[in-house]
Amino acid sequence: MYQDFKYLISDGVCAIASPVSGDLFTKFCPRFIDGFVVTIELLALSSTLGFLLAVGLVLARMSGHRVLSIPANVFVYCFRGTPLLVQLWIIYFGIGSFGAEGLGPLWAFFKEPWLVGLLVLTLNTSAYVSEILRGGLVNVDKGQAEAAMAIGMSWFQSMRRILLPQAIRIAWPAYGNELVLLMKGSALISTITVLDLMGQTRTIFARNFDLTTYLYATVLYLVLAGLITLFVVAIERRFARNLR
Amino acid sequence: MEYINELLGPLAFGDTGWGDDLLRGAWITVTLALCSMALGLFFGLLLAGAKLSRIAPLRWFASVYTLFIRGVPEFLILLIVFFGSDKLINTALISLGFEGGVEVPKFGAAVAGLSAIFAAYACEIFRGAYLAVPRGQIEAAFAIGLSPVKVFRRVRFPQMWRYAIPGLGNLWMVVLKDTSLAAVIALNELLRIAKLGGETEGSQLLFFTVAGLLYLLMTFLSDRGRVWAEGRARRGVAGV
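Written as structure tokens, this is what we have:
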């Protein structure tokens, strides 16, 4: 069903694009669109999961309990302090090198580059997003937290109902930047053999060594960046509606 | 020394292990990042000048360039620069009547790609810093009769750094981490050495983890440096 929908989109786009684009794009159009869709799927999933994880992380970091805050801080520090490519390769090639014997039932997960890519993108973005949310929380007016406590809310209630919603609104523009960075970072999962937009582009390039391949990919990535920006601005407008 | 080497196993220094190779890789990573930053700062300043210029086409060029770099994956830019410069040089050589088949130095291609990225982000930082210098200071400088060039050199430029350093510090971390992409075009920097070592010794997790720790060490030291530089840039400013 979903697969049929993807084919439909792919056929439609290619039919529209073929008269206006070059021979190379017409020939490889289904591949480009397929990669484009894989990239979007990964982005949608990893940004959603990453955001949820980031909320958990920021709660742990701000909780004041060392048992929670120290591991969360270490996690964020490690993921922000190392390149995404290293994280990908540690988990896919590093852990994956133990194979079926070493990993047992986990092997079903680690042999799938798509799943590993999703995991690493999620973990990576959650570290950055938790830092952004923390910045937002710090900038929420102190009186808000005091008022929430004064009417008898627990720490968790005040976070969930008062502080985090406002922190998200404050942090939203920075979060938009992070979404674009995540999109750009997602190109790296092509190095662990996922056929996302970048992966498809590299396969096509390997076949014909035609540099225009990269130019088409560039255009598609710019389209994606534009779509993300539109989405971010639309949400920002929604947030601003209540403030007028 | 012998004893330590035995303890390190595949990570030993010297002929038996990869310890010295990894450190050499880390050194290439650092020089790659430093070269990219130096070039990127230079072109970033030029781009910021273009963006603030009164000549519209220059402004348009700078805007389109930054939009392009910010929307396209670093990995793709690096590959375009790597394969593009290769093609460009060889076509030029052949059309001039020389033989083709020249290989572009990978280090040069990586520096070109990374500094192109650095410049786009640095441009935004410099532009912000330029505008952040208080208007009154510029007016005062003109009022005491300094020429526009002197106003820039003595008043605006020295103060710009104060506003630019936090952003540039972040950008340095970004470029330091982005150098790892050069492993994909087979430049022998830290990550690529770790990959080679891991594959040869059959212990990829160990080698990639060591590489990760070395990156963590580099970003940790950079962060210290950034804090120091920020403090130094703020010296003499009434404290907030």
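Residue numbers (my numbering), protein chains in the order written: chain A, 753 to 996; chain B, 886 to 1125. Note that the Cβ used here is the ideal one computed from N, Cα and C, for glycine as well.
8 Å Cβ cutoff met for residue i and residue j
i, j, result
"Gly929 (chain B)", "Phe1011 (chain B)", "yes"
"Phe831 (chain A)", "Ala879 (chain A)", "yes"
"Val810 (chain A)", "Leu915 (chain A)", "no"
"Leu836 (chain A)", "Asn876 (chain A)", "yes"
"Ser942 (chain A)", "Arg954 (chain A)", "yes"
"Leu963 (chain B)", "Gly986 (chain B)", "no"
"Ala994 (chain B)", "Phe953 (chain B)", "no"
"Leu1075 (chain B)", "Leu1099 (chain B)", "yes"
"Val997 (chain A)", "Ala919 (chain A)", "Nothing in the structure corresponds to residue 997 (chain A), since chain A is present only between 753 and 996."
"Ser948 (chain B)", "Ser1000 (chain B)", "no"
"Ala1005 (chain B)", "Tyr950 (chain B)", "yes"
"Val1095 (chain B)", "Leu917 (chain B)", "no"
"Gly969 (chain B)", "Leu776 (chain A)", "no"
"Leu795 (chain A)", "Met935 (chain A)", "yes"
"Pro958 (chain B)", "Ala939 (chain A)", "yes"
"Ile974 (chain B)", "Val996 (chain B)", "no"
"Val868 (chain A)", "Ile944 (chain A)", "yes"
"Phe788 (chain A)", "Leu979 (chain A)", "no"
"Lys991 (chain B)", "Ile913 (chain B)", "no"
"Leu961 (chain B)", "Gly833 (chain A)", "no"
Whole-angstrom distance between residue j and residue i, CA atom to CA atom
i, j, result
"Ser938 (chain B)", "Leu1016 (chain B)", "13 Å"
"Phe784 (chain A)", "Trp866 (chain A)", "17 Å"
"Gly856 (chain A)", "Lys863 (chain A)", "11 Å"
"Leu803 (chain A)", "Val881 (chain A)", "Leu is not the amino acid found at residue 803 (chain A); the sequence shown has Phe there. Their Cα atoms are separated by approximately 7 Å."
"Lys936 (chain B)", "Tyr968 (chain A)", "27 Å"
"Gly1116 (chain B)", "Arg1109 (chain B)", "11 Å"
"Ala923 (chain A)", "Ala992 (chain A)", "13 Å"
"Pro1044 (chain B)", "Pro1051 (chain B)", "First, the residue type needs correcting, since residue 1044 (chain B) is Gln and not Pro in the sequence shown. Each residue's alpha carbon lies about 13 Å from the other."
"Gly816 (chain A)", "Arg886 (chain A)", "14 Å"
"Arg1039 (chain B)", "Ala933 (chain B)", "18 Å"
"Lys972 (chain B)", "Ala1014 (chain B)", "38 Å"
"Ile1023 (chain B)", "Leu931 (chain B)", "21 Å"
"Tyr754 (chain A)", "Leu908 (chain B)", "49 Å"
"Met1103 (chain B)", "Gln839 (chain A)", "16 Å"
"Ala923 (chain B)", "Glu898 (chain A)", "48 Å"
"Thr970 (chain A)", "Asn929 (chain A)", "19 Å"
"Phe1003 (chain B)", "Gly904 (chain B)", "31 Å"
"Arg1119 (chain B)", "Leu760 (chain A)", "59 Å"
"Ser799 (chain A)", "Ala806 (chain A)", "10 Å"
"Ser1032 (chain B)", "Leu1106 (chain B)", "41 Å"
"Asp906 (chain B)", "Ile1078 (chain B)", "7 Å"
"Phe983 (chain A)", "Tyr927 (chain A)", "12 Å"
"Ser770 (chain A)", "Phe780 (chain A)", "10 Å"
"Leu871 (chain A)", "Thr1064 (chain B)", "23 Å"
"Arg989 (chain A)", "Ala977 (chain A)", "18 Å"
"Ser821 (chain A)", "Ile884 (chain A)", "16 Å"
"Val1125 (chain B)", "Phe1093 (chain B)", "Residue placement at Val1125 (chain B) is poorly supported in this model, since its pLDDT is 48, which falls under 50; the coordinates still yield a value, given next. Each residue's alpha carbon lies about 42 Å from the other."
"Asp763 (chain A)", "Thr981 (chain A)", "26 Å"
"Ala767 (chain A)", "Gly937 (chain A)", "30 Å"
"Ala860 (chain A)", "Ile956 (chain A)", "29 Å"
"Met814 (chain A)", "Leu893 (chain B)", "39 Å"
"Pro925 (chain A)", "Ser980 (chain B)", "49 Å"
"Met911 (chain A)", "Asn994 (chain A)", "20 Å"
Endpoints, the alpha helix (DSSP H) within which residue i is located
i, result
"Met1103 (chain B)", "1089–1118"
"Pro835 (chain A)", "Taken as a continuous stretch (DSSP letters only), Pro835 (chain A) belongs to no alpha helix (DSSP H), as it is neither H nor E."
"Met935 (chain A)", "916–937"
"Gly934 (chain B)", "904–936"
"Asn960 (chain A)", "949–960"
"Ser762 (chain A)", "754–769"
"Val881 (chain A)", "865–890"
"Pro1051 (chain B)", "1042–1063"
"Ala902 (chain A)", "894–902"
"Pro942 (chain B)", "941–956"
"Asn975 (chain B)", "959–980"
"Tyr1006 (chain B)", "991–1017"
"Arg1077 (chain B)", "1075–1086"
"Pro895 (chain B)", "Taken as a continuous stretch (DSSP letters only), Pro895 (chain B) belongs to no alpha helix (DSSP H), as it is neither H nor E."
Supposed close pair residue i, residue j - CB separation, criterion 8 Å
i, j, result
"Leu1090 (chain B)", "Ser906 (chain A)", "Their Cβ separation, rounded to whole angstroms, is 42 Å, which puts Leu1090 (chain B) and Ser906 (chain A) out of contact at 8 Å."
"Leu949 (chain A)", "Thr778 (chain A)", "Between Thr778 (chain A) and Leu949 (chain A) the Cβ distance is about 17 Å, and since that is not below 8 Å, they are no contact."
"Gly956 (chain B)", "Leu974 (chain A)", "5 Å"
"Gly1054 (chain B)", "Ala1114 (chain B)", "7 Å"
"Asp786 (chain A)", "Gln952 (chain A)", "6 Å"
"Ala1068 (chain B)", "Lys1080 (chain B)", "7 Å"
*Do three or more CB pairs link the segment 844–855 of chain A to the segment 1080–1095 of chain B at distances below 8 Å?*
At 8 Å Cβ cutoff, the stretches touch.
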